[in-house]
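Report on the following structure.
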Amino acid sequence: MKLSRIILLLIITISFSISTLAAQISEAKKDIIIKKSDVLIKKYLDLDIFSGVVLIADEGKPFYEKAFGFANREKNIPNTINTKFDIGSMNKTFTKVVIYQLVDEGKLKFDDKLGKYLDGFPQEAVENITIDQLLHHRSGYGDYHTPDFFDLPKSEKSISRLVEKIKMLPLLFSPGTDQQYSNSGFILLGAIIEKVTGKTYHENVRDRIVDPLQLTETYLENKDQVPDRAIGYFKDAKGEIQDNEGFLELPNPDGGFQSTASDILKFYQEYFYGNKFISAEAKKSIDEFNYYEQIKTTPGAIPQAGGFEGANTVIYEILRDKISIIVFANMDEPVAEQLGLGILNIIRDKEPESPTLPAIQNVYKALNENGVQYVNDNFNELTINFHPTDPKDIILNQVGYTFLFDNQVDKAIAAFQLNVELFPNIANCYDSLGEALLAEGDKEGALKNYKIALELNPDLPSAQEAIKKLTTK
14 MKLSRIILLL IITISFSIST LAAQISEAKK DIIIKKSDVL IKKYLDLDIF
64 SGVVLIADEG KPFYEKAFGF ANREKNIPNT INTKFDIGSM NKTFTKVVIY
114 QLVDEGKLKF DDKLGKYLDG FPQEAVENIT IDQLLHHRSG YGDYHTPDFF
164 DLPKSEKSIS RLVEKIKMLP LLFSPGTDQQ YSNSGFILLG AIIEKVTGKT
214 YHENVRDRIV DPLQLTETYL ENKDQVPDRA IGYFKDAKGE IQDNEGFLEL
264 PNPDGGFQST ASDILKFYQE YFYGNKFISA EAKKSIDEFN YYEQIKTTPG
314 AIPQAGGFEG ANTVIYEILR DKISIIVFAN MDEPVAEQLG LGILNIIRDK
364 EPESPTLPAI QNVYKALNEN GVQYVNDNFN ELTINFHPTD PKDIILNQVG
414 YTFLFDNQVD KAIAAFQLNV ELFPNIANCY DSLGEALLAE GDKEGALKNY
464 KIALELNPDL PSAQEAIKKL TTK
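Residue 14 is where the sequence shown starts when you use the numbering used here, and the numbers rise one by one after that.
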C-alpha cells in the first residue's frame with residue numbers, strides 16, 4: 014500500500030518559462046480561470062475519478078472555492094467546502110515547522126546526531142544520521158509500512174511503538190550518501206520533538222501551529238471522531254469502487270491530519286510568506302527558505318502533496334505571484350496532483366491535459382479487450398495516469414492478481430509474464446509469476462521463477478517459503 018507522500022521539493026518549475034502573470038490577477042483573468050477550471054473539472058467528474066474540493070487563491074484570498082462529489086457515497090452526503098480531508102504527507106510540513114522552531118530556540122541543531130536523542134539504534138545510525146538528513150530523506154531509512162502493518166492494532170502504531178519497529182529496519186544506504194522517501198525519518202523527527210520538549214508531538218503541533226493560527230477545522234487525532242469527514246474511495250482494476258476505511262491510521266508526524274482546504278491555505282500562507290512560525294532571521298539559515306527566495310524571482314510553482322489509497326491532496330504555490338492552487342480529493346492519487354497541474358496550466362495560459370482512467374484500470378481493460386501484445390505496444394500511453402514516484406511494475410502486478418483472484422489463471426500468467434519482460438530486474442515480478450504458474454499446476458515453471466526472484470532479492474520471504482515447499486519431499 015502506498016502511504017502518504019509529499020513531492021520532495023521537486024520544484025515544479027513546470028516550468029520557469031512561459032508565464033504572463035505578475036502581481037495580482039485581473040478580474041477578467043480570474044473569470045477565464047474559473048470557466049476553464051469548471052470545464053476541466055467536469056472531465057474528471059465524467060470519468061468518476063475525482064471527488065473533493067478545489068480552491069484557487071490570489072494573495073491568500075480565494076476567488077474559486079467549490080466542492081464536488083460525495084463525502085460519503087453510501088449515505089449520499091455531498092462534499093462541501095467545510096468537509097475535512099485526510100491531508101496525507103502535508104503533515105510533514107507541520108513536523109518541519111516544529112523542528113525549525115526548536116532549532117531557532119537553540120534546543121536542536123541541524124547537524125545533531127540521532128544518538129543524541131534516541132537510544133537503541135545500530136551504531137551506524139547513532140553516529141551518522143543527522144536531523145538535517147531526516148528532514149531531507151537522506152538518513153538511509155525508508156518506509157516502516159511492512160505488508161502486515163495495516164493488520165496491527167492501533168496500540169502498535171503510536172510514535173513510540175513505531176520507533177521500536179524502525180530500530181529493527183536495515184539502512185538502505187549509508188546516511189547522507191543517497192536519498193529515498195522516508196516516512197520512517199519523520200516518525201523519528203516526531204520522537205525527537207517529544208524527547209526535546211517533554212510534550213507529545215500532537216501537543217507541540219497544536220500549541221505551536223494550530224492554535225496560534227486558529228486552524229479551527231484541523232484535527233490532529235482520532236480520525237473516526239472528526240465531524241464532516243470525507244471517506245476515501247479508490248477503484249480496483251475492474252473499476253469497482255471501495256472505501257478506504259480499513260486503512261485509517263493514527264495521525265502521526267509523517268501523515269494523517271484531517272483538515273479543510275481553507276485551513277491549509279491559511280497554514281501555507283504563513284509558511285511561505287509569514288514570520289509567525291519562524292523568524293525572518295531564522296529562515297536565512299534554512300536551505301529550504303533560501304531556495305524559495307530564489308524561486309520568487311521565477312514563475313515556478315512549489316508543490317506539496319500527500320496521498321494514499323483513496324486520498325490525495327496538493328498545493329501548488331506560485332511564490333512570485335502569490336497564487337495558490339489547492340485540490341483535496343477523497344479518491345485515489347494522483348488525481349488531485351494531476352487536476353491541480355491542469356489548473357496551473359490554465360493559469361499560465363496553457364492547455365491542460367485531459368484526464369484518463371487510472372493506469373491500472375486502463376491496463377486491465379486493454380488486456381481484456383485487446384490482448385497482451387496491445388498492452389506491450391502501448392504500455393507508456395496506457396499508464397500515463399499513474400503517480401510518477403511509484404514503480405510501474407505495480408500496475409501489471411495488480412492486474413495479474415485481479416485475474417488470479419477471479420480464477421482467470423491464463424490471463425494472470427499473461428499479465429505477470431509481460432511484467433517480467435518489461436521489468437526483468439524486479440524480483441517481485443518473478444515471484445508473482447511463480448505464484449500464478451503454481452496455481453496452474455506448473456511446479457517446475459513456478460520453481461524456476463521463484464529462484465530468479467530470490468537471486469534478485471535474497472531476502473524475499475514469499476520466494477523463500479515457496480522454494481522450501483516446492484523442494485521439500
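Glycine included, C-beta positions come from ideal geometry on N, C-alpha and C.
In this structure, Phe76 places its C-beta atom within 9 Å of the C-beta atom of Ala70. Inter-residue distance for Phe285 and Glu294 is about 14 Å (C-alpha atoms, whole angstroms). When the alpha-carbon of Val116 is set against those of Asn375, Phe290 and Gln317, the nearest one is in Phe290. If you check the CB distance, Gly119 and Ala349 do not come in under 9 Å. A direct Cα-Cα distance of roughly 14 Å separates Leu263 from Val176.
Counting along the chain, the unbroken beta strand (DSSP E) around Leu68 starts and ends at Gly65 to Asp71. For Lys248, the uninterrupted beta strand (DSSP E) run begins and ends at Tyr246 to Lys248, by DSSP. Between Asp220 and Lys208, the gap from beta carbon to beta carbon reaches 9 Å or more. For Val327, the enclosing beta strand (DSSP E) starts and ends at Ala324 to Ile331.
Take Leu417, set aside five residues on each side of it, and the residues of its chain with a beta-carbon closer than 7 Å to its own are Ala425, Ala449 and Ala452, in chain order. Excluding its 5 nearest sequence neighbours in each direction, Lys296 has C-beta neighbours in its own chain below 7 Å: Phe302, listed in chain order.
The secondary-structure analysis by DSSP pairs Arg242 across a beta bridge with Lys97. Gly323 places its beta carbon 9 Å or farther from that of Gln386.
Per DSSP, the unbroken alpha helix (DSSP H) holding Lys456 starts and ends at Lys456 to Leu469.
In the structure shown, Glu78 falls within a strand segment according to DSSP collapsed to helix, strand and coil.
DSSP, read as helix, strand or coil, puts Met344 in strand. Distance between Leu357 and Ile338, taken at the CA atoms: about 7 Å. Taking 9 Å as the cut-off, the Cβ atoms of Asn398 and Asn375 count as close.
When the Cα atoms are used, Glu364 and Ser39 turn out to be separated by approximately 20 Å. According to the DSSP secondary-structure assignment, Tyr232 is paired through a beta bridge with Gln271. When C-alpha distances from Glu230 are compared across Tyr304, Asp99 and Ser197, the shortest belongs to Asp99.
The beta carbons of Phe341 and Thr108 sit no closer together than 9 Å. With contacts defined by Cβ atoms closer than 9 Å, Ala440 and Leu467 form a contacting pair.
Secondary structure note for Asp256: its beta strand (DSSP E) is the uninterrupted segment Ile254 to Asp256.
In the DSSP annotation of this structure, the continuous segment of the alpha helix (DSSP H) that includes Ile47 starts and ends at Glu40 to Asp59. Rounded to whole angstroms, the gap between the alpha carbons of Thr273 and Leu352 is 18 Å. The three-state secondary structure of Gly355, taken from DSSP, is helix. Here Ile339 carries a strand assignment [DSSP, helix/strand/coil]. With respect to the C-alpha of Leu182, the residue from Tyr157, Gln114 and Pro401 having the closest C-alpha is Tyr157. For Ala138 against Leu184, the beta-carbon gap comes to about 6 Å, under 8 Å, which counts as contact.
In the structure shown, Asn141 falls within a helical segment according to DSSP collapsed to helix, strand and coil. Your pair Ile142 and Leu121 does not check out as a contact, with CB atoms roughly 14 Å apart and the cut at 8 Å. Of the candidates Ile373, Gly320, Asp276 and Gln146, Asp276 places its Cα closest to the Cα of Ile94. In the three-state DSSP reduction, Gly128 falls in the helix class (H, G or I). Tyr304 is classed as exposed because its beta carbon has fewer than 16 other beta carbons within 10 Å across all chains shown. Between Asn104 and Pro266, the alpha-carbon positions lie close to 6 Å from each other.
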